[in-house]
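Line order of the protein sequences matches chains W and R.
Letter by letter, the first sequence follows residues 11 to 148 in the numbering used here.
Letter by letter, the second sequence follows residues 2 to 588 in the numbering used here.
Here a beta-carbon is modelled for each residue, glycine too, at the ideal position from N, C-alpha and C.
Treat the numbers as computed from the prediction; the structure is a model and nothing was measured.
Encoded as structure tokens, the structure appears first; notes follow it.
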Amino acid sequence: MSERRIRVIVAKPGLDGHDRGAKVVARALRDAGMEVIYTGLRQTAESIVETAIQEDADAIGISILSGAHEHYFSEIIKLLKEKSAEDIVVFGGGVIPEGDIPGLKEMGAGAIFGPGTSTSTCIEWLEEKVREKRSKES
Amino acid sequence: MKYSSVNFASDPVDSEDGSLPGKGRFRVSEKEVCRDLREGRKGYDERVARGLARQPEMKEVFTTGGGIPLERLYTPMDIEGLDYCRDLGFPGSYPYTRGVQPTMYRGRFWTMRQYAGFATAAESNARYRYLLEQGQTGLSVAFDLPTQIGYDSDHPMARGEVGKVGVAIDSLADMETLFREIPLGKVSTSMTINAPAAVLLAMYIAVGEKQGVPASELSGTIQNDILKEYIARGTYIFPPKPSMRLITDIFGFCSDNVPKWNTISISGYHIREAGSTASQEVAFTLADGVAYVQAAVKAGLDPNVFGQRLSFFFNAHNDFLEEVAKFRAARRLWARLMKERMGVSEPKALMLRFHTQTAGSTLTAQQPENNIVRVAIQALASVMGGTQSLHTNSFDEALALPTEKSVGIALKTQQIIAYESGATSTVDPLAGSYVIESLTSEIERQALEYIDKIEEMGGMLVAIEKGYPQQEIQDAAYQYQKAVESDERVVVGVNRFQVDEDGGGRELLRVDPSVGENQEKALKAMKQGRDNVLVGNRLDEVRAAARDENLNLMPAMIDAVKVYATEGEICGVLREEFDEYRENIVL
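Given below as structure tokens:
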């Protein structure tokens with residue numbers, strides 16, 4: 011198979027410094043054969059979207075534990091639409107109350123993986139989503 | 002258990018060997034009486050080996066959470082090298098293994114200090130007064146992220162974050178509201194603030210002054226530990242060099258003016274939350290401590306004086322035995338480092354006094370009520386380890402900020418340990434346990450090995466630049482995750498004993514989304530009402546002090562906050578003068 015490896019941006023938007031989850035997920039995705047670009051802390055929605063477009067990423071994974079998830083998900087998804095890049099899969103995790111998840115999905119988030127999710131669940135989901143995305147493109 | 006080493010015959014017999022007085026003596030077969038430790042151990046091992054053939058143990062190797070192998074059984078043979086007077090000593094005496102006070106909790110319980118703060122200063126003030134009414138004995142302020150990173154609430158980077166993980170403080174006006182009707186001369190206040198610690202301390206001093214409490218009477222703690230921000234927590238602003246200057250300026254200023262203030266809380270908590278092992282937590286925390294002491298000595302301060310105001314902050318995890326040992330090891334190792342390597346002689350500057358918080362990372366979003374039990378085990382470990390103050394996490398914190406009800410349960414957990422468990426009635430009750438002493442020595446050994454390695458690299462600042470502690474922590478975090486996913490480690494409710502649950506109806510704390518907007522409006526109004534020319538002058542003085550390393554920055558900051566210069570304005574000046582730190586990404 012000559013299929014391009016899945017390329018994913020793992021991003022920490024805003025001021026939240028909790029990066030254990032983001033780094034563990036980044037490493038697990040990399041070990042699963044994906045190309046991972048980890049942004050580091052304190053990213054703006056603009057910088058994340060710009061990186062994703064420049065790197066021709068398949069997906070953006072957002073980690074937020076500070077409670078700013080609604081703000082950042084909506085900003086990132088809005089910017090992707092503005093730049094006609096809404097085919098990029100957006101998913102995330104962190105401390106996100108269950109009650110907020112439907113709202114985030116409505117905005118366009120593909121999945122929210124809460125605390126305790128195994129990395130394999132996340133990997134399988136992402137592989138499936140990217141497969142769907144690519145089949146639509148071809 | 003399957004193989005009991007001693008069979009108690011059920012019929013009491015009279016005997017003259019004096020083994021048990023009066024009734025209740027038991028017949029034990031001759032070969033099972035332990036007359037010699039080594040012989041007895043050999044016999045036990047043989048009996049176990051025979052038993053294992055029939056019924057193996059659940060695992061081939063048992064380890065602590067941090068990977069230290071645990072023997073099946075510990076006996077005096079495992080602590081043969083231990084010298085009571087050299088290695089344990091007495092409570093309140095060097096090397097403080099058994100505690101920093103002679104009577105520990107018989108004299109006074111630890112300070113029950115719940116970390117709290119959210120939304121606006123007015124709402125947080127109400128929560129503090131509730132906690133004080135509930136019997137809490139000290140305050141612990143959580144600031145929101147913009148405050149922790151030196152941005153006012155109207156800064157573009159603050160959007161979506163105002164009032165979320167703590168209270169928003171822009172100026173002295175907010176600080177006055179935060180402590181309204183709370184007498185600063187009577188409570189001690191801990192503030193989790195690091196990069197802009199000097200600004201918030203300046204505000205606290207100014208509020209005290211308005212309440213009629215002189216700085217010399219204020220007691221409390223600022224976290225002020227920038228090194229662990231670079232390593233694990235992420236709320237840095239400035240590069241290491243000016244950050245270390247801010248810290249030593251605070252040490253110097255407080256030695257002279259705020260003598261009851263703990264000028265730093267050298268924190269392993271976040272290092273552990275980021276995934277380190279227990280030994281790494283001790284190692285990197287004490288290595289940070291060594292770096293601060295070296296920096297302050299270089300700035301001309303006397304470690305016998307400022308050393309008395311250093312405090313520490315550790316995590317408490319579920320692995321009970323390892324955690325108890327960890328606290329004891331940290332205390333002994335710090336005393337030895339300060340005495341032997343820093344030449345400190347003042348006893349109070351040798352003592353490692355610490356705050357503990359139970360481990361947020363062990364809380365599960367699944368079956369969250371189970372977290373109450375986890376927190377209780379962790380809290381008990383910290384008490385058995387001799388903590389000076391304690392925050393117990395609330396059971397719903399893997400889901401959101403805690404509600405008033407869940408915070409109440411967390412606080413009551415401490416009160417039950419203090420008043421009902423009986424475990425506080427004697428000092429350092431687990432001392433002398435073969436396994437506890439053995440683990441204490443092993444953690445001390447492992448931590449010292451790391452500390453020496455870091456010294457060889459050129460000290461903690463160099464090690465951080467190379468990404469060394471970051472890499473060690475991340476490797477441990479990844480190992481942990483893999484162990485959970487392979488079911489090697491069991492987390493109840495997550496990878497074993499799961500139940501179907503519907504969390505939709507849970508009562509969670511929600512921060513009013515209008516907080517940011519309201520805070521911005523209040524800030525704008527405050528700025529219109531102050532003397533802006535005066536503010537400009539005071540900010541110029543802060544800039545001048547920043548440029549002159551021979552000056553202490555604290556007096557200029559206190560003058561600036563008093564005229565309502567904002568935190569963001571002061572940090573803005575310092576950003577221009579000191580530049581900003583750029584993360585060294587380690588993956």
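I'd like the list of long-range same chain contacts for residue i, defined as Cβ closer than 7 Å, with 5 residues on each side in sequence excluded.
i        : result
W:Asp29  : Lys22, Leu51
R:Ala419 : Phe110, Thr425
W:Gln53  : Ala21, Lys22, Pro23
R:Glu570 : Leu540
Leaving out five residues before and five after residue i in sequence, what residues of the same chain have Cβ atoms less than 8 Å from its Cβ?
i        : result
R:Thr404 : Ser395, Asp397, Glu508, Leu509, Leu510
R:Asn305 : Val345, Ser346, Glu347, Ala350
R:Tyr481 : Gly276, Arg490
R:Thr236 : Leu146, Gln149, Ile150, Asn195, Ala196, Glu230
Give a yes or no on whether 8 Å exceeds the smallest Cβ distance from residue i to chain B.
i        : result
R:Leu524 : Among the protein chains in the structure shown, which are W and R, there is no chain B.
Any Cβ of chain R within less than 8 Å of the Cβ of residue i?
i        : result
W:Ser128 : yes
W:Ala36  : yes
W:Lys33  : yes
W:Lys141 : Here the sequence assigns Arg to residue 141 of chain W, which means Lys is not the residue at that position. So, not an interface residue.
Could you list which residues in chain W have their beta carbon closer than 9 Å to that of residue i, in chain order?
i        : result
R:Arg310 : Within chain W, no residue comes near R:Arg310; the closest Cβ sits about 26 Å away, beyond 9 Å.
R:Glu1   : Because chain R in this structure spans residues 2 to 588, residue 1 of chain R falls outside the shown range and cannot be described.
For residue i, would you say it is in contact with chain W, using Cβ-to-Cβ distances shorter than 8 Å as the test?
i        : result
R:Asp146 : Just to set this straight, residue 146 of chain R is Leu in the shown sequence, not Asp. So yes, R:Leu146 belongs to the interface.
R:Val495 : yes
R:Leu133 : no
R:Ile267 : no
R:Gly504 : yes
R:Met158 : yes
R:Leu552 : no
R:Ile150 : yes
R:Phe579 : no
Using the beta-carbon of each residue, which ones in chain W are nearer than 7 Å to residue i?
i        : result
R:Glu584 : Gly50, Leu51
R:Val512 : Gly77
R:Val166 : Ser76, Gly77
R:Leu588 : Lys33, Ala36, Arg37, Tyr48
Enumerate in chain order the residues of its own chain whose CB-to-CB distance from residue i is below 6 Å, with the five nearest sequence positions on each side excluded.
i        : result
R:Ser5   : For R:Ser5, the pLDDT reaches just 37, beneath the cut-off of 50, and the residue's location in the model is therefore unreliable, although a value from the coordinates is still provided. Once the five neighbours on either side are set aside, R:Ser5 has no close Cβ partner at all.
R:Gln212 : Leu185
R:Leu140 : Tyr129, Val188, Thr190
R:Ala233 : His271, Ile272, Ala275
R:Asp12  : Reliability of the predicted coordinates at R:Asp12 is poor, the pLDDT of 42 falling under 50, and no value is obtained from them.
R:Leu132 : Gln115
W:Phe101 : Gly71, Gly120, Ala121
R:Ala297 : Thr249, Phe252, Phe307
Taking residue i as the query, report the chain R residues whose CB atoms sit under 7 Å from its CB, ordered along the chain.
i        : result
W:Arg15  : The contacting residues do not exist; W:Arg15 stays about 17 Å from chain R at best.
W:Arg144 : Here the premise fails: no neighbours, minimum Cβ distance about 26 Å.
W:Gly124 : Ala366
Mind pulling the chain R residues with CB within less than 8 Å of residue i?
i       : result
W:Asp29 : Gly235, Ala275
Interface residues of chain W around residue i at Cβ under 8 Å?
i        : result
R:Leu509 : Pro107, Gly109
R:Ile170 : Those do not exist, as R:Ile170 stays about 15 Å from chain W at its closest Cβ, beyond 8 Å.
Between residue i and the ligand SAM, is the CB less than 7 Å from at least one heavy atom?
i        : result
R:Arg511 : As for the ligand SAM, it is missing from this structure, which has no ligand bound.
* Report the residues of the segment 461 to 489 of chain R with a CB closer than 7 Å to any CB of chain W, ordered along the chain. => Gln475, Ala478, Tyr479, Gln482, Glu486
* Just by C-beta distance, which residues in the segment 395 to 411 of chain R are closer than 9 Å to chain W? -> Of all residues in the segment 395 to 411 of chain R, Glu398, Ala399, Leu400, Ala401, Leu402 have a Cβ within less than 9 Å of some Cβ in chain W.
* Asked: Below 8 Å, can you find three or more Cβ-Cβ pairs linking the segment 258 to 278 of chain R to the segment 449 to 467 of chain R?
  -> In short, these stretches do not touch, since the Cβ pair count stays below three.
* Asked: Do three or more CB pairs link the segment 336 to 344 of chain R to the segment 106 to 118 of chain R at distances below 8 Å?
  -> no
* Meets three-Cβ-pair contact criterion under 8 Å: the segment 153 to 165 of chain R and the segment 68 to 81 of chain W -> yes
* Within 8 Å of chain R by C-beta, residues of the segment 91 to 121 of chain W in sequence order -> Val105, Pro107, Glu108, Gly109
* **Contact the segment 466 to 477 of chain R vs the segment 362 to 372 of chain R: 3+ CB pairs below 8 Å** => No, the segment 466 to 477 of chain R is not in contact with the segment 362 to 372 of chain R.
* Asked: Does the segment 161 to 176 of chain R touch the segment 212 to 225 of chain R, meaning 3 or more C-beta pairs lie closer than 8 Å?
  -> no
* To do: Could you please tell me which residues of the segment 432 to 449 of chain R, in chain order, have their CB closer than 8 Å to any CB of chain W?
  => none
* Asked: Taking any Cβ of chain W, which residues in the segment 548 to 577 of chain R have a Cβ under 8 Å from it, in chain order?
  -> none
* Members of the segment 221 to 246 of chain R that neighbour chain W once the beta carbon cut-off is set at 9 Å -> Glu230, Ala233, Arg234, Gly235, Thr236, Tyr237
* **Given 8 Å, three or more beta-carbon pairs between the segment 317 to 331 of chain R and the segment 510 to 525 of chain R** => no
* Pair every Cβ in the segment 128 to 139 of chain W with every Cβ in the segment 97 to 113 of chain W, then say whether three or more of these pairs are closer than 8 Å. => yes
* Asked: Would you call the segment 30 to 47 of chain W and the segment 126 to 136 of chain W touching, i.e. three or more CB-CB distances under 8 Å?
  -> yes
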